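Peer 1: Residue numbers (the working numbering), protein chains in the order written: chain A, 1 to 220; chain B, 1 to 249; chain C, 1 to 240.
To start, I am sharing the structure in question, which I have written as structure tokens.
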Amino acid sequence: MDLNVITENMAYLAGGLALTFQIAGLAIACGLCWGILLGMGRLSKNRLLYYPASAYVQFFRGIPLILVIFWIYFLLPLITGDSLGEFLAVVVSFTLYEASYFAEIIRSGIQSVPTGQVNAGLATGMRPRQLAFYIILPQALRNMVPSLVNHAVVIFQDTSLAYVIGLREFLRRVNLVDAREARSVELYLFAGLVYFVICSLGTLASHKLEHRSQTCRSNL
Amino acid sequence: MIEISNVSLWYASYKALDDISVSIAKGQTMVICGPSGSGKSTLLRCINGLEKFQQGSIFVDGVGVQDRATDIYALRSHIGMVFQHFELYPHKTILENVILAPIKVRGISRKDAKHQGRNLLDRVGVLDQADKFPAELSGGQQQRVSIARALAMEPAVMLFDEPTSALDPEMIKEVLDVMTDLAREGMTMVVVTHEMGFARRVADDILFMDQGCIVERKTAEDFFLHPSNERTRRFLERVMDYDINGRGR
Amino acid sequence: MLNYTFDWSVLWRQPYGEMMLLGIRTTITLSLAGWCIAVLVGVIVAGLRSSKNVWMRSLGLAYVLVFRNIPFLVQLFVWYFAAPLLLSADARSWLYDNVQNYDYWCGIVGLGLYTASRVAEQFRSGLRSIPQDQYRAAYATGLRPNQVYRYVIFPYAFRIIIPSFTTEFLTCFKNSALTMTIGVMEITHTAYYIDSFTWHGLETTTAASLCYLFIAQIIALLMWQVERRMHIMGMITRGH
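Here it is as structure tokens:
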């Protein structure tokens, strides 16, 4: 077990980790925005919004992310004529794919607010917009946040898939170092450890948030 | 005050309300009772537009509930409703629960709303809990807050949907006491309940419903002493210690 | 804009047609084999996590934490690149000489163990959602522990778990695509591979997507049928 291979390449690997965080951050932000719109479409009573949104979600949940990455990177430029950069291709495919999961989390968060609450608000004369803002959203957000954080952790793990188009994020760099130094055991266990620590922290945060949101809920 | 004329309601092919006609005068307290599934709660929810009926009409203080010209949100601010499961907003304190609608719907200033809110909480006996969250209160206290929240909008009519059914027995009295005071002060009330003692003492009229129809409507005294319908008698026998020959115990 | 000529015959022209079919077959066998391992190991881990012994509980917890917090791709690389190096030189040369399709077997093991951690969690949450009073009622009628589990608890838990189980199988099926990174020629890899010969990757990846979607629909239909038959009145089985 020779740990020098890790310490010698630390700067290179750290650069990869920084890129991983960048990809994850952008994917989460953009995916969430697009996911909110999709989620609202899924909740809408308007058929023009509901059916396309549902079809989109069903489609992207039925195929692997790796296939989406291929589509965007290799195949879309063939049609549109110009080539997206690797980084952009990854961010776009993540946004499109993860949005469908965010949409479902948001939809079930909003649907988890009991209809009794809606009736209580309506009974005092509140209008739909007031209802949504003061009664539904605060409660829905408390329900959603743990799942959203959990999914952010999943996205962080998914960034390793950028490997397939050669983007030099953390895992790719580990792989390149391994190709050069052939010290697979140390390198991949190290990679595993890094991901483990970061994802564990994320999962812990989501548990803490879930615990906090339970305490101020009524025991009906 | 409330005019219900020939109202019928269907859930798909199931007829929940069958040609219901009732009128309730101002200042009256009407109790609606009957077995489960008789449509009592459905009828109550039709009055403030939370349920939509397919036939007939309901007028509250001259305003048609399903009239296209009616602003249902404005109408609802004049009708107060208390729910079986309290439905206090869990993410707001007791006081905030009470003042939310006055501020957002009636446009009162926060300061005035808080002042009014505290008065109401005092009236129902929970002023000392004003800054707590619903989860910290007992069921009886939560329901009393629920009544205060409805009263905060200064409604012309109060609707109660089985207000004590979800409470432990020892807390039922405190809620019924608040409701009794309200009735004595002249509030127009429609109460769906199983509490026959309350009905006997406080109600002006009692409506007995079964399977979506009105079976009987009588004054409180007549209802218990001289029920005319067989179904009513059987119901009373099951709900109270009641002699089938018409003599109460 | 569309400077691309479609050539759909690449899907059935030999040798590509046969490659595609082989790819589909590999995807299916890989997923099913991985799923079997996942269920077996998952039950064991769920059992560990529900055990009264604190060491067994910790072991179960450690398994789940490790396999859920490390990306699947990293796990595959560990099995494929790193694990053989931990064996003795003799064992390693035996492995490389005698095991054909080492990448395929690595894929199955990796997929199975990864999916097992998720399956274990679902077993556990299914068991936990059964109210304590059910156990008490069963014991009160005189049943022994193994009878209680066999006749009362497991059938009940099974019905609760089914929706999330079928979703998990679909996830396992999609994750099989990742084994392409260690060389397994399943359908996604095949689609990509054909592109490098024919430059008609668009058609092949479309076909691959349709495969996944088709299987997803079949699984959804199956789940709907199973749920219909096993629905317990008054019980909410859609728990995910």
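Where a beta carbon is used, it is the ideal one built from N, C-alpha and C, also for glycine.
On a predicted model such as this, the values are computed, not experimentally measured, just so you know.
1. Compute the distance between the beta-carbons of C:Ala38 and C:Cys211, then report whether it is under 9 Å.
2. Measuring only between beta-carbons, confirm whether A:Asn119 sits less than 9 Å from chain B.
3. So, for A:Val91: in the same chain, excluding its five sequence neighbours on each side, which residues have a beta-carbon less than 8 Å away from its beta-carbon?
4. Residues in the same chain with beta-carbon distance under 6 Å from C:Ala207, minus the five sequence neighbours each way, listed in chain order, please.
5. Checking contacts by CB at 9 Å: is A:Arg212 closer than that to chain B?
6. Hey, quick one: how far does the alpha helix (DSSP H) through B:Gly80 stretch, first residue to last?
7. Between the C-alpha atoms of A:Leu76 and A:Asp82, what's the straight-line distance to the nearest angstrom?
8. At a CB distance below 9 Å, what residues from the region 141-166 of chain C approach chain A? Give them in sequence order.
9. In the structure shown, what three-state DSSP assignment does B:Ile20 receive?
10. Using the three-state DSSP reduction, which class does B:Gln211 fall into: helix, strand or coil?
11. Restricting to Cα atoms, I'd like to know which of A:Ile6, A:Ala18 and A:Met40 is closest to A:Leu137.
12. When you compare only the Cα positions, how much space is there between B:Asp243 and B:Phe224?
13. If I follow the unbroken alpha helix (DSSP H) through A:Met126, where does it start and stop?
14. Once you ignore the five residues that flank A:Asn219 on each side, which residues in its own chain have a CB closer than 6 Å to its CB?
15. Can you look up B:Leu225 in the DSSP assignment and give me helix, strand or coil?
16. Contact criterion: CB-CB distance below 9 Å. Does A:Ala132 meet it with respect to chain B?
17. Helix, strand or coil: how does DSSP classify B:Thr188 here?
18. If the cut is a Cβ gap below 7 Å, which residues of chain A does C:Gly201 touch?
19. Please look up how many angstroms separate the CB atoms of A:Val174 and A:Leu65, rounded, as I've assumed it's under 8 Å.
20. Going by the beta-carbon positions, is the gap between C:Phe6 and C:His200 smaller than 9 Å?
21. The beta strand (DSSP E) spanning B:Ser8 covers which residue range?
22. Per DSSP, A:Ile135 is paired with what?
23. Over what stretch of residues does the alpha helix (DSSP H) that includes C:Ile70 continue unbroken?
24. Using a threshold of 9 Å, state whether the C-beta atoms of A:Tyr50 and A:Ile165 are closer than that.
25. Expressed to the nearest angstrom, what Euclidean distance is found between the alpha-carbon atoms of B:Leu176 and B:Lys111?
26. Any Cβ of chain A within less than 9 Å of the Cβ of B:Pro163?
27. Kindly identify the DSSP beta-bridge partner or partners of B:Ser57.
28. Once you ignore the five residues that flank A:Gly16 on each side, which residues in its own chain have a CB closer than 8 Å to its CB?
29. Since C:Val109 is in the alpha helix (DSSP H), which residue starts that stretch and which ends it?
30. Cutting at 6 Å between CB atoms, please list the residues of its own chain near A:Phe156, excluding the five before and the five after it.
31. Between the beta-carbon of A:Arg61 and the beta-carbon of A:Ser100, is there less than 9 Å?
32. Measure the C-alpha to C-alpha separation of B:Arg247 and B:Leu236 and round it to an integer number of angstroms.
33. For B:Ala29, does the three-state DSSP call read helix, strand or coil?
34. Alpha carbons only, please: which of B:Met81, B:Ile58, B:Pro134 and B:Gly56 is nearest the one belonging to B:Thr93?
35. Going by alpha carbons, who is nearest to B:Ser138 out of B:Glu162, B:Val65, B:Glu170 and B:Val192?
36. How many Å lie between A:Glu186 and A:Asp2 at the Cα?
Peer 2: The answer reads as follows:
1. no
2. yes
3. Ile23, Leu26, Ala27 and Cys30
4. Leu11
5. no
6. Here B:Gly80 belongs to no alpha helix (DSSP H); instead the beta strand (DSSP E) covers Ile79 to Val82.
7. 9 Å
8. none
9. strand
10. coil
11. A:Met40
12. Residue confidence is low: B:Asp243 scores 46 on pLDDT, short of 50, so the model does not pin down where it sits. No coordinate-derived value is stated.
13. Looking at the DSSP string, A:Met126 is not in any alpha helix (DSSP H), and its letter there is neither H nor E.
14. The predicted model places A:Asn219 with a pLDDT of 36, which falls under 50 and marks its position as unreliable, so this point remains unresolved.
15. helix
16. no
17. strand
18. Phe74 and Leu75
19. The pair is not a contact, with the Cβ atoms about 20 Å apart (cut-off 8 Å).
20. yes
21. Ile2 to Tyr11
22. Its beta-bridge partners do not exist; DSSP assigns none.
23. Looking at the DSSP string, C:Ile70 is not in any alpha helix (DSSP H), and its letter there is neither H nor E.
24. no
25. 30 Å
26. no
27. B:Ser5
28. Arg168, Glu169, Phe170, Leu171, Arg172, Arg173 and Val174
29. Tyr102 to Arg128
30. Ala24
31. yes
32. Confidence in B:Arg247 is poor, its pLDDT being 49 and thus under 50, which makes the residue's placement unreliable; the coordinate value appears in the next sentence. Each residue's Cα considered, the two are about 11 Å apart.
33. Position check: residue 29 of chain B holds Thr in this sequence, whereas Ala was assumed. It is a strand residue.
34. B:Pro134
35. B:Glu170
36. 7 Å
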